[in-house]
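The structure appears right after this line, and notes come after that.
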Amino acid sequence: MAVHMIEGVSIPESFDLPVMPTKEDLKKDEELFDRALECLKKHDAFLIAHYYTSETMQRLAEASGGFIGDSLEMAREGRDSDKQTLAVAGVRFMGETAKILSPQKKVVMPSLKAECSLDLCCSADDLARVKEQYPNATVVAYANTSAAVKAQADWIVTSSLAVELADYLKGRNEEILWLPDRHLGSYIANNAKTAIHCWPGRCIVHDAFESNALSFVKKDNPDALILVHPEAPQSVVAMADFVGSTSQILNYAKASDATKLIIATERNIFYKIKQACPDKILIEAPVASLSGHCISCANCPWMALNSLESLIDALENSAGHELFVPEDIRVQATKPLERMLNFSKALKEGRLDNNL
Ligand code: 13P
Ligand code: SF4
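Residue numbers (the working numbering): 33 to 388.
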C-alpha cells in the first residue's frame, strides 16, 4: 500500500547514546535489591516497569507487587492504580503518559534522561509545520512521542493497536498522517491496506535487525518460528511468523506449540519469555553491525538507565526525578490518550462504533 514519506523534517543521523552499564554496575544493582524493595514499601509506591528494563528491575516489580508490561498496559495500570506514587521504569514518554493520565499522582522515574530515538525524531515544531501541509489529515501519533507532540495528535496508539486503528480510520475514509516510526508506518499501511503519510523516524534498537543475517539463523534452525516487533525493518517483518507488541510477542510465545523461537526485539524481554516458556529454545535475532560493532546490540541504552540505584534516589529524593507536564499540554494530550484507551476497550469488547 502507498506509504508517502514526509520530507523536510529533522531526523538526527546519530544519537548521543548513554553508556551501557558494566557488569559491576549490574552486580551493584543486584546488591541493592532488598533496599529498593523496602524503599518502594516505605513510600507506598507502585513500580511499573517495561519488559526492556533489566532483569533485576523486572524482578523487583514482581517482588513488590508492581507491574511489568508493554507501553499500552503501563498507561492503563498507572491510571487505574490506587497508589498515589507511581515509579515508572521505562523511557520518558512512558512516565509522561502516566502523569498525563493521572495528574494528581506523583510520578517519578529513575532517570529523566531516558529518551527514545523515536521521540527524538519528532519535534513538536516540525509537527506543527507538517500539519499545515496536510490540513485534512487525521494525526495518529505513536505513544513513543513527547507530551508536546501528543498534544497535537488526534489519536495516540501503541504497536498493539496501530493496525486496528488504521483499519478503523480507513472505514471512516480518513486521510492518515502517521508519526514517527517509518517501519511501523509501513507495517500499518500494508496490513490495514490503506495509504498513509509517514514520518521517517526510527528506533535505533529495532532498526538494526537484519534480514540477511536472520535468514542464516533460520537456515540453521528451520523448525524455529520468527517473532518480530513491528519497529523492525520491513525485510525482517516479511520473514516473521508473528508480528506484535512486546506483550503480544510474549503471549504468542506462551501459546505457541513451537519449541524453538527466534525473537527480534529488545533482549531484556527474554527474562519474561524464559520464565513463561522454560522448555522452549529462545534465539536472539541478529543485528547489523558497523565495522564489527553493533550500535545497540538489541539493548536499548535509554532503558538501561533504569538502575535500582537511580530508582532508590528517585523515591528518596524526587528532585530531578519527578515528572511534570505543563497543564495546557497535559489537557490537550489527555484527549488522544483517552481515546486510545477507549478504542482499546471497545476493540476488546467487540463494540467498535463510528463515534470513538
Ligand atoms: P511496546 O508498546 O511493544 O511495549 O513497545 C514500546 C517500545 O518502546 C518498543 O520499542
Ligand atoms: Fe525507543 Fe527503541 Fe528504546 Fe523502544 S527500544 S524505547 S522505541 S529507542
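Glycine residues also receive a C-beta, built at the ideal position from the N, C-alpha and C atoms.
CA nearest to the CA of Asn-387, picked from Val-140, Ala-95, Gly-203:
Gly-203
Cutting at 6 angstroms between CB atoms, please list the residues of its own chain near Ser-218, excluding the five before and the five after it.
Val-35, Gln-266
Continuous beta strand (DSSP E) stretch holding Thr-170: start and end
170-174
Near Ala-285, which residues of its chain fall below 6 angstroms by C-beta distance, leaving aside the five closest residues on each side in sequence?
Leu-293, Ile-305, Cys-309
Measuring straight from C-alpha to C-alpha, what distance separates Val-195 and Arg-67?
42 angstroms
Determine the DSSP secondary structure at Lys-292, reduced to helix, strand or coil.
strand
Among Ala-346, Leu-216, Ala-336, which residue has its Cα nearest to the Cα of Lys-55?
Ala-336
Among Val-51, Ser-192, Phe-125, His-229, nearest to Lys-380 - alpha-carbon criterion:
Ser-192
Bridge-paired residues (DSSP) for Gly-233
Asp-213
Expected contact under 8 angstroms - CB spacing of Ala-365 and Lys-182 to nearest Å
4 angstroms
Cβ pair Leu-392, Ala-107 closer than 9 angstroms
Any question about residue 392 goes unanswered here, given that the chain covers just 33 to 388.
Under 8 angstroms Cβ to Cβ from Val-268, same chain only, skipping five residues before and after it: list those, please.
Phe-241, Glu-242, Ser-243, Leu-246, Val-260, Ala-296, Ala-317
Judging by CA-CA distance, which residue of Ile-344, Gly-101, Ile-361 is the nearest neighbour of His-353?
Ile-344
Across the region 153-164 and the region 126-143, are there enough close Cβ pairs to call them in contact, namely three or more that are closer than 8 angstroms?
no
So, are the CB atoms of Gly-237 and Trp-210 less than 9 angstroms apart?
The identity of residue 237 in the sequence shown is Val, whereas the question assumes Gly. Cβ distance not < 9 angstroms, so Val-237 and Trp-210 don't count as in contact.
What does the shell around ligand 1 hold, if a residue joins when its beta-carbon is under 5 angstroms from any heavy atom?
Asp-102, Ser-103, Thr-190, Ser-191, Ser-277, Thr-278
C-alpha gap between Ala-270 and Leu-373, whole angstroms
29 angstroms
Compare the C-alpha of Val-319 against each of Asp-311, Ser-328, Asn-349, Glu-63 and name the closest.
Ser-328
Extent of the continuous alpha helix (DSSP H) run through Ala-130
124-133
For Met-37, the three-state DSSP class (helix, strand or coil)
strand
Chain-order list of residues whose beta-carbon lies under 7 angstroms from that of Ser-42 (same chain, five-residue window excluded):
Ser-155, Asp-158
Could you check if His-325 is buried or exposed, using at least 16 other CB atoms within 10 Å of its CB as the buried criterion?
exposed
Closest to Leu-64 by C-alpha separation, out of Leu-133, Glu-206, Arg-91, would be which residue?
Arg-91
Under the rule that 16 or more other beta-carbon atoms within 10 Å means buried, what is Lys-131, buried or exposed?
buried
Can you tell me whether Cys-326 is helix, strand or coil according to DSSP?
strand
Can you check whether the CB of Val-120 is closer than 9 angstroms to the CB of Asp-151?
no
Between which residues of its own chain and Ser-149 is the CB-CB distance below 7 angstroms, once the five residues before and five after are set aside?
Phe-47, Arg-234, Cys-235, Ile-236
At a threshold of 8 angstroms, does Asp-151 count as lining ligand 2 (C-beta to nearest heavy atom)?
yes
Taking Pro-44 as the reference, give the member of Gln-307, Cys-153, Lys-225 with the closest Cα.
Cys-153
Express the C-alpha separation of Leu-118 and Ala-77 in angstroms, rounding to a whole number.
6 angstroms
Rounded to whole angstroms, what's the CA-CA distance from Gly-127 to Leu-355? Just pull it up for me.
7 angstroms
If you count every other CB in all the chains shown that lies within 10 Å of the CB of Asp-239, and 16 or more means buried, which is it?
buried
With a threshold of 16 other CB atoms inside 10 Å of the CB of Arg-383, please say whether the residue is buried or exposed.
exposed
Going by other Cβ atoms of all chains shown within 10 Å of its Cβ, with 16 needed for buried, is Asp-102 buried or exposed?
buried
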